[in-house]
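Numbering (the numbering used here), first residue to last: 179 to 264.
Reading through the structure tokens given below for one structure.
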């Protein structure tokens, strides 16, 4: 579990940067045209939520919000994988 914390702290400046938001916006807009991009954008959102959850000092209410968001995005990624390969 220590490597997960190290990874989250290493990714935190990248995830919270403006360039990541620009990239994420581009990927989300690209999902309108290409179906696999939906999966990629969901994985980027998952990485952003997970990094903020692990690396950030949040109140209990904010952590609950991130856990709910994490479960919803994981569910969405699972559905996309099933739809892509099933």
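Built from N, CA and C at the ideal position, the CB exists for glycine as well.
Point to revise | Same chain, Cβ closer than 6 Å to residue 217, neighbours up to 5 away in sequence not counted | key: Here the set comprises 258.
From 231, 246, 214, residue whose alpha carbon lies closest to that of residue 182:
Residue 231 is the option with its Cα nearest to residue 182.
Less than 8 Å between the beta carbons of residue 214 and residue 262, yes or no? Cβ distance < 8 Å, so residue 214 and residue 262 count as in contact.
Exposure of residue 253, with buried meaning 16 or more beta-carbon neighbours within 10 Å: By the 16-neighbour rule on beta-carbons within 10 angstroms, residue 253 is exposed.
Q. Candidates 228, 234, 235: which alpha carbon is nearest residue 246's?
A. Relative to the Cα of residue 246, the nearest Cα in the group 228, 234, 235 belongs to 228.
- Per DSSP, what kind of secondary structure is residue 219 in: helix, strand or coil? DSSP, read as helix, strand or coil, puts residue 219 in helix.
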